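Protein chains: 2
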Amino acid sequence: MIDSKVKQALQSIVGPENYDDSKAGRLVYSYDATPQFQSMPDAVIAPRNREEISQIIKICNEYNIPIVPRGSGTNLCAGTCPTEGGLVLLFKHMNKILEVDEENLTVTVQPGVITLDMTKAVEAKGLFYPPDPSSMKISTIGGNINENSGGLRGLKYGVTRDYVMALEVVLANGEIIKTGGKLAKDVAGYDLTRLFVGSEGTLGIITEATLKLIPMPETKKTILALYQDLEAAARSVSSIIANKIIPTTLEFLDQPTIEAVEAFAQIGLPTDVKAILLIEQDGPEEIVKKDIDQIIEICKSEHAVSVQAAQSEEEAEALRTARRAALSALARLKPTTILEDATVPRSEIAKMVKAIEEIAKKYNLRICTFGHAGDGNLHPTCLTDVRDHDEIERVEKAFEEIFEKAIELGGTITGEHGVGVMKAPYLEMKLGPAGIAAMQAIKTSLDPNNIMNPGKVFAKDSRKRVVVSK
Amino acid sequence: MIDSKVKQALQSIVGPENYDDSKAGRLVYSYDATPQFQSMPDAVIAPRNREEISQIIKICNEYNIPIVPRGSGTNLCAGTCPTEGGLVLLFKHMNKILEVDEENLTVTVQPGVITLDMTKAVEAKGLFYPPDPSSMKISTIGGNINENSGGLRGLKYGVTRDYVMALEVVLANGEIIKTGGKLAKDVAGYDLTRLFVGSEGTLGIITEATLKLIPMPETKKTILALYQDLEAAARSVSSIIANKIIPTTLEFLDQPTIEAVEAFAQIGLPTDVKAILLIEQDGPEEIVKKDIDQIIEICKSEHAVSVQAAQSEEEAEALRTARRAALSALARLKPTTILEDATVPRSEIAKMVKAIEEIAKKYNLRICTFGHAGDGNLHPTCLTDVRDHDEIERVEKAFEEIFEKAIELGGTITGEHGVGVMKAPYLEMKLGPAGIAAMQAIKTSLDPNNIMNPGKVFAKDSRKRVVVSK
Numbered sequence: 045m046i047d048s049k050v051k052q053a054l055q056s057i058v059g060p061e062n063y064d065d066s067k068a069g070r071l072v073y074s075y076d077a078t079p080q081f082q083s084m085p086d087a088v089i090a091p092r093n094r095e096e097i098s099q100i101i102k103i104c105n106e107y108n109i110p111i112v113p114r115g116s117g118t119n120l121c122a123g124t125c126p127t128e129g130g131l132v133l134l135f136k137h138m139n140k141i142l143e144v145d146e147e148n149l150t151v152t153v154q155p156g157v158i159t160l161d162m163t164k165a166v167e168a169k170g171l172f173y174p175p176d177p178s179s180m181k182i183s184t185i186g187g188n189i190n191e192n193s194g195g196l197r198g199l200k201y202g203v204t205r206d207y208v209m210a211l212e213v214v215l216a217n218g219e220i221i222k223t224g225g226k227l228a229k230d231v232a233g234y235d236l237t238r239l240f241v242g243s244e245g246t247l248g249i250i251t252e253a254t255l256k257l258i259p260m261p262e263t264k265k266t267i268l269a270l271y272q273d274l275e276a277a278a279r280s281v282s283s284i285i286a287n288k289i290i291p292t293t294l295e296f297l298d299q300p301t302i303e304a305v306e307a308f309a310q311i312g313l314p315t316d317v318k319a320i321l322l323i324e325q326d327g328p329e330e331i332v333k334k335d336i337d338q339i340i341e342i343c344k345s346e347h348a349v350s351v352q353a354a355q356s357e358e359e360a361e362a363l364r365t366a367r368r369a370a371l372s373a374l375a376r377l378k379p380t381t382i383l384e385d386a387t388v389p390r391s392e393i394a395k396m397v398k399a400i401e402e403i404a405k406k407y408n409l410r411i412c413t414f415g416h417a418g419d420g421n422l423h424p425t426c427l428t429d430v431r432d433h434d435e436i437e438r439v440e441k442a443f444e445e446i447f448e449k450a451i452e453l454g455g456t457i458t459g460e461h462g463v464g465v466m467k468a469p470y471l472e473m474k475l476g477p478a479g480i481a482a483m484q485a486i487k488t489s490l491d492p493n494n495i496m497n498p499g500k501v502f503a504k505d506s507r508k509r510v511v512v513s514k
Numbered sequence: 045m046i047d048s049k050v051k052q053a054l055q056s057i058v059g060p061e062n063y064d065d066s067k068a069g070r071l072v073y074s075y076d077a078t079p080q081f082q083s084m085p086d087a088v089i090a091p092r093n094r095e096e097i098s099q100i101i102k103i104c105n106e107y108n109i110p111i112v113p114r115g116s117g118t119n120l121c122a123g124t125c126p127t128e129g130g131l132v133l134l135f136k137h138m139n140k141i142l143e144v145d146e147e148n149l150t151v152t153v154q155p156g157v158i159t160l161d162m163t164k165a166v167e168a169k170g171l172f173y174p175p176d177p178s179s180m181k182i183s184t185i186g187g188n189i190n191e192n193s194g195g196l197r198g199l200k201y202g203v204t205r206d207y208v209m210a211l212e213v214v215l216a217n218g219e220i221i222k223t224g225g226k227l228a229k230d231v232a233g234y235d236l237t238r239l240f241v242g243s244e245g246t247l248g249i250i251t252e253a254t255l256k257l258i259p260m261p262e263t264k265k266t267i268l269a270l271y272q273d274l275e276a277a278a279r280s281v282s283s284i285i286a287n288k289i290i291p292t293t294l295e296f297l298d299q300p301t302i303e304a305v306e307a308f309a310q311i312g313l314p315t316d317v318k319a320i321l322l323i324e325q326d327g328p329e330e331i332v333k334k335d336i337d338q339i340i341e342i343c344k345s346e347h348a349v350s351v352q353a354a355q356s357e358e359e360a361e362a363l364r365t366a367r368r369a370a371l372s373a374l375a376r377l378k379p380t381t382i383l384e385d386a387t388v389p390r391s392e393i394a395k396m397v398k399a400i401e402e403i404a405k406k407y408n409l410r411i412c413t414f415g416h417a418g419d420g421n422l423h424p425t426c427l428t429d430v431r432d433h434d435e436i437e438r439v440e441k442a443f444e445e446i447f448e449k450a451i452e453l454g455g456t457i458t459g460e461h462g463v464g465v466m467k468a469p470y471l472e473m474k475l476g477p478a479g480i481a482a483m484q485a486i487k488t489s490l491d492p493n494n495i496m497n498p499g500k501v502f503a504k505d506s507r508k509r510v511v512v513s514k
């Protein structure tokens, strides 16, 4: 509960119309896209600029009020669920594209800009922002930066982190700092820019960002390779890279996912194959042609049962849309869908997919797997029902084993979804106690009162997954 | 002074042959490549593995002994000068290339590996490690990582930071942590990998690194464009990028630098032009040809007085070598050479070069400018004599104005050399007090006793440049 004096102070900063502590208003922001997590905030606040954010944070710091920055809430780690109450901070007034700089190849945005809107704005000028999280139609750039979002083009182009050049951040003490610049090279002190990227709102509130752009690739081609054998698909992935080709996209779908996607999207995917690779290459026309021809040869020699190139941009777009729809398609099948993002080195994909299959069998669960094969970022997705307590317990055990296996293969517990509340209990598997302690020390040094999105990244206890709602 | 009990403990860790506190031994490590800085360490220590480093650090932490990790000491910010005494830590026993992983496109190295040796080892397998600091023939990878080294290929390929995927680090408390992995995507907690990159040995000792590789570009072409007008050269740079071409290298030399380089290297550079651009493109044969043709057209239309393509790899290599020799060539002319790396957004290069010329005139100094025009990373280089106190005072004032101008143009005080001792007094210009305070908080959280390369990055006082040796 926020006491009335503090409420008044907050309202006087943002105006009463931008402060909502009604039950209905709070309920809307009590959850995000992550299943199984819900908790009521004390109020929802929508500041209009960085100075207002600075003033809000100073009050939060004085009265120990948690503050949870939130874009569109599309994250899958309960990163924007206000598990400890406090204020949910919205960026609906801070949603402008401030500048597209064609000379320095940058775009400067406020955090509330929708990713796809920005992408379209820069593409209109022949420029390209590669990170493309599946949620990009509704996610915000601020959210992408806080979560260090990945996407389908990560293999060739990297992730959000690789495109953030400068940030403006309000720290927990209310100070406003600027990091980086429109600079390809800058070694003036520690790399705070990349420390804030992916810090999930636990170190500061990002109020502006300058992102790197690249020239728009001239053309793009899409192919679909079908396999009756999982390992042949994985071998194709390795063989493409070993042949020194880095495709833009190298996506994998297993049979259960293919079935679900086809039932949902009806674009004529064959449902009787064991695995599909969706492969794209972009770049100059002649290079794309050469690469795609070579990729087709490689897939065939690795015993793909069929390799087809999309005959038109419409056909290619249908394939991409189908892949992007995988989660939605699977989500229709059972009441609860738990999507994970265990990630391994590319060379270990076949082992990891096999392990997931075995673990699913062991715990008698339905787990479908799809994901970014080229960068080892898999999405084992469990179709379950949160009301079936016995099954949910098995789900938890299964995912713990999946994470263990990923770590054993040199991987990580989360490739692109973030830690949030959901993965916090598992973080120590990846980092060890000394790694966690180092991160915790940094957190405490920048946010001594733990007001910035508390309860995220660092586990309060070893309780896994099942969260009791407030 | 290290007391005899502590000395015994240190010797028992590394063996007496790897501990040197003789005057001659210490003198060798009392300075690095940075002019004007010298200070004696108490001893020099050469551990054989991470466990020994961990034990050494625990002792340093207990007895408050500064520890200065040092590769080849080629940095230009006095980053490895032991200004507060203590131990200089060498990596001469930790200089192995541990693995080239052709499937995951990574190389794993110990910190003492010479950059060029690693580059050659991966190139032998058709792979490519793009960062190429001018010192790469003698610098170590550990040093490159600690300084986040740049180089001539930064425009297209980025800097060291963009290639570090995983680190093993011994923290100030002696704990050994591992960050990242052979993973294109990993969001398990804060990005410690990139926090350590460029932290100049102030946060921990890097004991192993896994670096990202890319396929070796098929071919490379080099051209030289000559200008009678500085701004025409700068306009060419902007115009190339605006035409959506990102060359590998886009180097700039002003007339005084050209003269010095030609006198030194004698490769037939014309010494009567105002500026030279050295431009390279790499990639698939057909694309390089297309890009180079277009670049030649652009340079001509921006009034280059001559544009020539290197006719052979030997000729191209001679041009590259000439550019790399700029610092050595200039260093011959006067007893003291002070090389800076003020960096601005690409669009501001012409303004910055002009400002440097005016400042040199104002303070009656000889400042030559060359550098990486494509990424705005200039190297104004002052030819002076440290014994001429009056002139040195003017040099200091001039560089302060140069840094101020760079900041005013949206730039930074250091693009690739690091802060060290040398730039520490200027860091606040770039970061402001709140930015410095945030970095200092992080430093203190990870190294509460300030034993890790103390005196670097953070200024003790506002005294600029002139350092009284111990």
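So the sequences go chain by chain: F and B. Its first residue numbered 45, the first sequence is counted upward by one per residue in the working numbering. Its first residue numbered 45, the second sequence is counted upward by one per residue in the working numbering. Every residue gets a Cβ at the ideal spot worked out from N, C-alpha and C, and that includes glycine. Small disclaimer: the values here were computed from a predicted structure and weren't measured.
Open item on the list: Please tell me whether F:N192 has its Cβ less than 8 angstroms away from any Cβ of chain B.
Closed with: yes
- [ ] Please report how far the alpha carbon of B:G195 lies from the alpha carbon of B:V203, in whole angstroms.
- [x] 7 angstroms
Open item on the list: Out of B:G476, B:G462, B:L294, which one is the CA nearest neighbour of B:T246?
Closed with: B:G462
TODO: Could you tell me which residues DSSP puts in a beta bridge with F:C426?
DONE: F:I382, F:I411
- [ ] Check whether the Cβ atoms of B:C121 and B:M496 lie closer than 8 angstroms to each other.
- [x] no
- [ ] Could you work out which residue in F:E444, F:Y271, F:N190 is closest to F:L236 when comparing CA atoms only?
- [x] F:N190
Task: Partner residues on chain F for B:P259, Cβ-Cβ distance less than 8 angstroms - done: K288, I289, I290
Open item on the list: Rounded to whole angstroms, what is the Cα-Cα separation between B:G225 and B:T150?
Closed with: 10 angstroms
Open item on the list: Let me check understanding here. Comparing Cα to Cα, which of B:V157, B:A478, B:E106, B:T152 lies closest to B:G115?
Closed with: B:V157
Task: B:E392 Cβ short of 7 angstroms to the ligand FMN heavy atom set - done: Inclusion of the ligand FMN in the displayed structure is not the case, the ligand content being empty and no account of it being possible.
Task: Cβ-based neighbour list, B:Q99, same chain, cut-off 8 angstroms, excluding 5 preceding and 5 following - done: I57, G218
Task: Contained alpha helix (DSSP H) runs [length at least 4] in the stretch 177 to 242 of chain B, N- to C-terminal order - done: 185 to 191, 198 to 201, 236 to 240
Task: Beta-bridge partners of B:D64, as assigned by DSSP - done: B:V88
Open item on the list: In the DSSP assignment, the alpha helix (DSSP H) including F:G476 goes from what residue to what residue?
Closed with: 471 to 490
TODO: State whether the stretch 439 to 449 of chain F contacts the stretch 297 to 317 of chain F, with contact taken as three or more CB pairs (one from each stretch) at a distance under 8 angstroms.
DONE: no
- [ ] Out of B:N188, B:S243, B:N93, point me to the one whose CA is closest to B:I486's CA.
- [x] B:S243
Open item on the list: For B:V166 and B:D335, I'd like the C-alpha separation in whole angstroms.
Closed with: 27 angstroms
Open item on the list: Can you check whether the C-beta of B:E212 is within less than 8 angstroms of a C-beta belonging to chain F?
Closed with: no
Task: Whole-angstrom distance between F:D326 and F:K288, CA atom to CA atom - done: 15 angstroms
Open item on the list: Just to make sure I have the definition right: I need the residues of chain B whose C-beta is within less than 9 angstroms of the C-beta of F:T456. Which are they?
Closed with: G224, G225, L227, K229, D230, V231, A232
Task: Alpha-carbon spacing of B:Y63 relative to B:P174, whole angstroms - done: 36 angstroms
Open item on the list: I believe F:G130 touches F:I109 by the beta-carbon criterion, under 8 angstroms. Please report the beta-carbon distance rounded to the nearest angstrom.
Closed with: 5 angstroms
Task: Distance, B:P60 Cα to F:D230 Cα - done: 41 angstroms
Task: Continuous beta strand (DSSP E) stretch holding F:T26: start and end - done: Here chain F comprises residues numbered 45 to 514, so residue 26 of chain F is not present and cannot be evaluated.
TODO: Return helix, strand or coil for B:P261, following the three-state DSSP convention.
DONE: coil
TODO: Identify the contact partners of B:L422 in chain F, using a Cβ-Cβ distance below 7 angstroms as the criterion.
DONE: The contacting residues do not exist; B:L422 stays about 10 angstroms from chain F at best.
- [ ] Can you check DSSP and say which residues form a bridge with F:T387?
- [x] F:N421, F:T456
- [ ] Would you please verify whether the beta carbon of B:M162 is less than 8 angstroms from any beta carbon of chain F?
- [x] no
TODO: Would you kindly report the start and end of the unbroken beta strand (DSSP E) that includes F:V112?
DONE: 111 to 114
Task: Limits of the unbroken beta strand (DSSP E) element including B:T159 - done: Unbroken run through B:T159 is the alpha helix (DSSP H), 159 to 167; no beta strand (DSSP E).
Open item on the list: Using a Cβ-Cβ distance cut-off of 8 angstroms, determine whether F:K474 contacts chain B.
Closed with: yes
TODO: Reducing DSSP to helix, strand and coil, say where F:G245 ends up.
DONE: coil
- [ ] Would you kindly work out how many angstroms separate the C-alpha atoms of B:E361 and B:K265, rounded to a whole number?
- [x] 10 angstroms
Open item on the list: Please report the distance separating the alpha-carbon of B:R205 from that of F:E106.
Closed with: 37 angstroms
Open item on the list: Can you tell me which residues form a DSSP beta bridge with F:I323?
Closed with: F:I267, F:L294
- [ ] Determine, using beta carbons only, whether B:I290 and B:R390 come nearer to each other than 8 angstroms.
- [x] no
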